[in-house]
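Following: one structure in structure tokens, then a few remarks.
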Amino acid sequence: MRIIQATLEHLDLLTPLFVKYREFYGSLPYPDSSRAFLEKRLRRKESVIYLALPDDDNSRLLGFCQLYPSYSSLSLKRVWILNDIYVAEDARRQLVADNLIRTAKKMAKETNAVRMRVSTSSNNEVAQKTYESIGFKEDTEFKNYVLPISEGI
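If you count the sequence shown from 1, position 99 lands on 983 in the working numbering, and the numbers rise without skipping.
This is the structure:
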């Protein structure tokens, strides 16, 4: 498998899997809005998206991850938020997520980040095991809270 950084040229390949990711977490599909969202992130360079592709096929997407930049005031350094990661159903158990996360980790090191953060559903044990196997530690120092502002789409 190959891991590449997404560009605007990959929108048509990425959007259907991004829609499946949203549906996995209970969101409505909204394919047009999803595509527009991804296009804005890429066009404005507001996120970094990695794609996992088979070695011999540019038309099939195995998985993707999307990272957003943030910063730590305490360490005075960059932080990367691994906001989205999803593997196509027919590509699971092939270490796709591991390869995506390892590529993201390499990028984080290259940008002198102090850490990467990730959140997942409290019942998503598969994702939790994957993150822990790569070296993520559960945050026991800080408790996270969410303040809802709007309902989204």
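Note that the Cβ used here is the ideal one computed from N, Cα and C, for glycine as well. Computed from a prediction, not measured in an experiment: that's the story for all the values here.
Same chain, Cβ closer than 6 Å to residue i, five either side skipped, listed in chain order
i	result
residue 980	936, 946, 947, 971
residue 888	935
residue 985	1018
residue 925	931
Closest Cα partner of residue i within the set the options
i	options	result
residue 1003	951, 889, 890	951
residue 921	908, 939, 895	895
residue 930	912, 943, 953, 938	953
residue 1005	908, 901, 900, 899	908
residue 999	1031, 911, 1022, 1035	1022
Residue i versus residue j - alpha carbon distance
i	j	result
residue 956	residue 897	33 Å
residue 988	residue 994	10 Å
residue 1010	residue 892	31 Å
residue 885	residue 983	9 Å
residue 928	residue 890	13 Å
residue 976	residue 1012	15 Å
residue 939	residue 932	21 Å
residue 941	residue 974	15 Å
Unbroken alpha helix (DSSP H) run spanning residue i, endpoints
i	result
residue 952	No alpha helix (DSSP H) holds residue 952; the beta strand (DSSP E) holding it covers 947 to 956.
residue 1015	1009 to 1018
residue 919	915 to 927
Residues near residue i in its chain [Cβ-Cβ closer than 7 Å; skip 5 each side]
i	result
residue 968	905, 949, 950
First through last residue of the beta strand (DSSP E) which encompasses residue i
i	result
residue 963	961 to 971
residue 1001	999 to 1002
residue 935	932 to 937
residue 1033	Counting along the chain, residue 1033 falls outside any beta strand (DSSP E), and DSSP gives it neither H nor E.
Contacts around residue i, its chain only, beta-carbon distance under 8 Å, and the 5 residues preceding and following it disregarded
i	result
residue 997	961, 962, 963, 964
residue 903	913, 914, 915, 918
residue 901	945, 947, 948, 970, 972
residue 923	892, 895
Contact the region 958 to 971 vs the region 916 to 924: 3+ CB pairs below 8 Å: no
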